[in-house]
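This report refers to the structure that appears directly beneath it.
Protein chains: 2
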Amino acid sequence: MIKIILDAMGGDNAPYATVAGAVQALEKDKQLYLVLTGRQGDIERELKKYKYDKSRLEIVDCPDVIDMNDSPTEAVKRRQSSLMAAYWLLKKEDDICGMVTAGSTGATIVGGQLILGRIRGIKRPALCPAIPNSRGGVTLLVDCGANAECKSIMLCQFAVLGTAYAKAGFGIKTPKVGLLNNGTEEHKGDPLRQETYKILSEMKGIDFIGNVEGRDIMLGECDVVVADGFSGNIALKSMEGCGKLVLGVLKSEIKSSLSSKIGYLFMRKALKRMRAKLDFDKYGGALLLGLKKPVIKSHGSSKPESVANSIANAASIYRGNLIPAVEELLQSADLDSLSVNQDD
Amino acid sequence: MIKIILDAMGGDNAPYATVAGAVQALEKDKQLYLVLTGRQGDIERELKKYKYDKSRLEIVDCPDVIDMNDSPTEAVKRRQSSLMAAYWLLKKEDDICGMVTAGSTGATIVGGQLILGRIRGIKRPALCPAIPNSRGGVTLLVDCGANAECKSIMLCQFAVLGTAYAKAGFGIKTPKVGLLNNGTEEHKGDPLRQETYKILSEMKGIDFIGNVEGRDIMLGECDVVVADGFSGNIALKSMEGCGKLVLGVLKSEIKSSLSSKIGYLFMRKALKRMRAKLDFDKYGGALLLGLKKPVIKSHGSSKPESVANSIANAASIYRGNLIPAVEELLQSADLDSLSVNQDD
């Protein structure tokens, strides 16, 4: 059995989407056991709509719910909230393997650091989504928003975290790592990028292929793209916006004439396959990488499918032994020997 | 007559694409007069392929061509090169209204600053592409790569430059300005973003709507998005990459079955309209904003259509009185009074 804990009250569509997602996940993976935190009455009301294996789901009643607008540093003190209670259980119970929440990103990051804790040696956890790429696989973007300001030691650790995730979560043997920059030449970017470039070039266990541009996230050769949380967030949101616009224009053009409507009837399956290939939500959100156990932060607007994908991804990451892989890689990378400024 | 000077040797496809683009532009705009700089023999050989109004085109023979790999600071000294010769003529001849090049971005920026010169009071020029948006118009992204490191005074000036360009180039009466950030809340981002937010909120003549995210460039409400050149470049390239991937997957899915191929026959026109609406190259590249005359930097890989679009855009910007608009707005914004650090 793999036990995953789910913040059943997190996200705009909770508890409907979280409960429906939980039921879907249980149906797909018979090895899965779920712990749902949240208002018991609300959760049970939703659960009544579905048939599911009751022996693999339990509820932990939590009266409090953290709102998207609550201050993360205040929220972290609310032990009775569905999110923080989930973190406390994740920390205390050895047999709980991972967590999923669609709640506040800020509170998820702060709770992860203060309650669950980081992997020994890791300075800061990073948010890491899996983005569909032109090779039919995914590119891991670390960080996409947990750390607006970064130092080179953090970026180098993101390379370690991303490499371990690519191995443990996606079975990539030697993940190629690129540094997100405003050009591919070695000297490009600000002093932070130039310093990080040098250290990454010398790091053991990291297959660093050099600077990459924004277009390379989806079109390039690398499996892991290292970025500070500020520009990583801008890259991710820019791609999401563009994808949404292209699909929106396609839809409106299809509707604009009889001929194209007929064409749509023949092309429906192809367009559905296209959407599936380009789905940013295939893995249900971003992994909060660097904590002692895998935590998946789903979109606030997550639907049942996204929640189910997040749960499946958390289980798959646990099965892939992510945390030991990070620890091992961090040791072999031996950042101390590369004269990296270790100040926090 | 509007006289535009064209670096006929700039770009991967020169002089074929530049000459063909010049001929297309002359055909479309009967008020246009073009000066082409470059190797006279090469240019004449290309020109022979077309019929065009010879009374509206002249060639200035320049034996030297700047390569994409040449150091910009070295390149700027080569007065006999097609790019720098164009800059010198643009500076000296009052009747030349603007310039187009598909050559080296670095050399174009350095040449612009050192030869042509900046508008009085402007600290740094910025690269500004016009990006298609969900409102059927364009969003201007300033800066997208000329300045990897920025101070708040520069970002505030980018707001002035973008506002003037939106008015003069696209007839938008009160352009809405957003600050590119990793979230929309006021406190978001690093100290640079927080400081810039405050100043933009108080600036006269700028309709500042607050922080915007990467997705808002294509989906949002603002006409101008202000960014440092590093994150602006990453946003632009990320969107380009995503657009390319979506269209690529669409193409391969269409080819993948007989049914979808039939669908394509009915949908061909709709897909063509879609492509036209999403064309990043409709205005032929990025305007180098902040110089004494409009300079358009076309993509290195520009085809004849892009070059023609760039020329048409340069003429249109001149007709819209961009430079006086920048000067006026800069004066009314009165950055000196807003206690902005003016150090360079």
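First to last, the sequence lines map onto chains A and B. For the first sequence, the numbering used here begins at 808 and goes up steadily by one. For the second sequence, the numbering used here begins at 808 and goes up steadily by one. C-beta atoms are modelled at their ideal positions from N, C-alpha and C, and glycine is treated no differently. Please read all numbers here as calculations on a predicted model, not as lab measurements.
For residue j and residue i, believed in contact at Cβ under 8 Å, the rounded distance
i, j, result
"Ala1132 (chain B)", "Ala971 (chain B)", "4 Å"
"Val883 (chain A)", "Met875 (chain A)", "With a Cβ gap of about 15 Å, Val883 (chain A) and Met875 (chain A) do not count as contacting."
"Ala1093 (chain B)", "Gly905 (chain B)", "Going by Cβ atoms, the distance from Ala1093 (chain B) to Gly905 (chain B) rounds to 14 Å, so no, they are not a contact pair."
"Tyr894 (chain B)", "Gly919 (chain B)", "7 Å"
"Val1033 (chain A)", "Val984 (chain A)", "6 Å"
"Met1081 (chain B)", "Val1056 (chain A)", "5 Å"
"Gly1048 (chain A)", "Arg1022 (chain B)", "3 Å"
"Leu1136 (chain A)", "Val949 (chain A)", "No, Leu1136 (chain A) and Val949 (chain A) are not in contact; Cβ-Cβ is about 13 Å, not under 8 Å."
"Leu1085 (chain B)", "Pro939 (chain B)", "5 Å"
"Ser889 (chain A)", "Val917 (chain A)", "That belief does not hold up - the Cβ atoms of Ser889 (chain A) and Val917 (chain A) are roughly 15 Å apart, past 8 Å."
"Thr981 (chain A)", "Asp1014 (chain A)", "5 Å"
"Cys963 (chain A)", "Leu1142 (chain A)", "6 Å"
"Ala815 (chain B)", "Val830 (chain B)", "About 12 Å; that fails the 8 Å criterion."
"Ala1042 (chain B)", "Ala1042 (chain A)", "7 Å"
"Leu896 (chain B)", "Val867 (chain B)", "7 Å"
"Arg925 (chain B)", "Gly1107 (chain B)", "Not confirmed; about 24 Å, so no contact."
"Ser1105 (chain B)", "Ala909 (chain B)", "4 Å"
"Asn1040 (chain B)", "Gly952 (chain B)", "4 Å"
For residue i: DSSP bridge partner residues
i, result
"Ile866 (chain A)", "A:Leu843"
"Ile809 (chain B)", "B:Leu839"
"Thr946 (chain A)", "A:Ile938"
"Gly985 (chain B)", "B:Gly1017, B:Val1032"
"Arg925 (chain A)", "A:Leu1098"
"Asp849 (chain A)", "For Asp849 (chain A), which the question treats as bridged, DSSP gives no partner whatsoever."
"Ala933 (chain A)", "A:Leu1096"
"Asp860 (chain A)", "Answer is none; Asp860 (chain A) lacks a bridge partner."
"Asp871 (chain A)", "A:Ser888"
"Asp814 (chain B)", "B:Thr844"
Exposure of residue i, with buried meaning 16 or more beta-carbon neighbours within 10 Å
i, result
"Glu853 (chain A)", "buried"
"Tyr857 (chain B)", "exposed"
"Pro822 (chain B)", "buried"
"His994 (chain A)", "exposed"
"Gly978 (chain A)", "exposed"
"Gly845 (chain B)", "buried"
"Glu881 (chain A)", "exposed"
"Arg886 (chain B)", "exposed"
"Lys1155 (chain B)", "The first residue shown for chain B is 808 and the last is 1151, placing residue 1155 (chain B) beyond what the model contains."
"Gly944 (chain A)", "exposed"
"Met808 (chain A)", "exposed"
"Thr946 (chain A)", "buried"
"Gly848 (chain A)", "exposed"
"Ala973 (chain B)", "buried"
"Pro998 (chain A)", "exposed"
"Tyr1004 (chain A)", "buried"
"Lys930 (chain B)", "buried"
"Lys855 (chain B)", "exposed"
"Asp1075 (chain A)", "Looking at the sequence shown, residue 1075 (chain A) is not Asp but Arg. When all chains shown are included, Arg1075 (chain A) counts as exposed."
"Ala1140 (chain A)", "buried"
"Asp1151 (chain A)", "Note that Asp1151 (chain A) scores a pLDDT of 49, beneath 50, so its modelled location is shaky; the value from the coordinates is reported in the next line. Exposed."
"Asp860 (chain A)", "exposed"
"Ser1008 (chain A)", "exposed"
"Arg1126 (chain B)", "exposed"
"Leu1065 (chain B)", "exposed"
"Asn1128 (chain B)", "exposed"
"Ala1115 (chain A)", "buried"
"Pro936 (chain A)", "buried"
"Glu1060 (chain B)", "buried"
"Gly1028 (chain A)", "Before going on, a small fix: residue 1028 (chain A) reads as Glu here, not Gly. Exposed, since its Cβ has fewer than 16 Cβ neighbours within 10 Å."
"Lys958 (chain A)", "buried"
"Lys1044 (chain B)", "buried"
Chain C contact residues for residue i, given Cβ-Cβ distances below 7 Å
i, result
"Arg1080 (chain A)", "Absent from the structure is chain C; the protein chains it does hold are A and B."
Jot down the residue ranges of each uninterrupted beta strand (DSSP E) in the region 889 to 915 of chain A, minimum 3 residues, whole runs only, in chain order.
Entirely contained in the region 889 to 915 of chain A, the beta strand (DSSP E) runs reaching 3 residues are, in chain order, 903 to 908.
Near-chain B residues of the region 1056 to 1069 of chain A (beta-carbon distance less than 7 Å), N- to C-terminal order:
Taken in chain order, the members of the region 1056 to 1069 of chain A whose beta-carbon sits within less than 7 Å of a beta-carbon on chain B are Val1056, Leu1057, Glu1060, Ile1061, Ser1063, Ser1064, Ser1066, Ser1067, Ile1069.
Please list the residues of the region 850 to 873 of chain A that have a C-beta atom closer than 9 Å to any C-beta atom in chain B, keeping them in chain order.
The residues in question: there are none.
Quick one: complete beta strand (DSSP E) runs, 3+ long, within the region 1094 to 1136 of chain B?
Runs of the beta strand (DSSP E) inside the region 1094 to 1136 of chain B: 1102 to 1104.
Pull out every residue of the region 980 to 1002 of chain A whose Cβ sits closer than 7 Å to any Cβ of chain B, in chain order.
Of all residues in the region 980 to 1002 of chain A, only Leu987, Asn989, Gly996, Asp997 come within less than 7 Å of chain B when Cβ atoms are compared, listed by chain position.
Using a Cβ-Cβ cut-off of less than 9 Å, give me the residues of the region 1003 to 1034 of chain B that come near chain A, in sequence order.
Answer in chain order: Glu1020, Gly1021, Arg1022, Asp1023, Ile1024, Met1025, Leu1026, Gly1027, Ala1034.
Got a sec: which bits of the region 948 to 965 of chain B sit with their beta carbon under 7 Å from any beta carbon on chain A, in order along the chain?
Of all residues in the region 948 to 965 of chain B, Gly952, Ala955, Glu956 have a Cβ within less than 7 Å of some Cβ in chain A.
Compile a chain-ordered list of the residues in the region 1087 to 1113 of chain A whose CB is closer than 9 Å to at least one CB of chain B.
Flagged: no residues at all.
Check distances from the C-beta atoms of the region 1039 to 1050 of chain B to those of chain A and list, in chain order, the residues that come in under 8 Å.
Those would be Asn1040, Ile1041, Ala1042, Leu1043, Lys1044, Ser1045, Met1046, Glu1047, Gly1048, Cys1049, Gly1050, in chain order.
Anything in the region 925 to 942 of chain A with a Cβ closer than 8 Å to a Cβ of chain B? List those residues in chain order, please.
Only Pro939, Asn940, Ser941 from the region 925 to 942 of chain A bring a Cβ to less than 8 Å from some Cβ of chain B.
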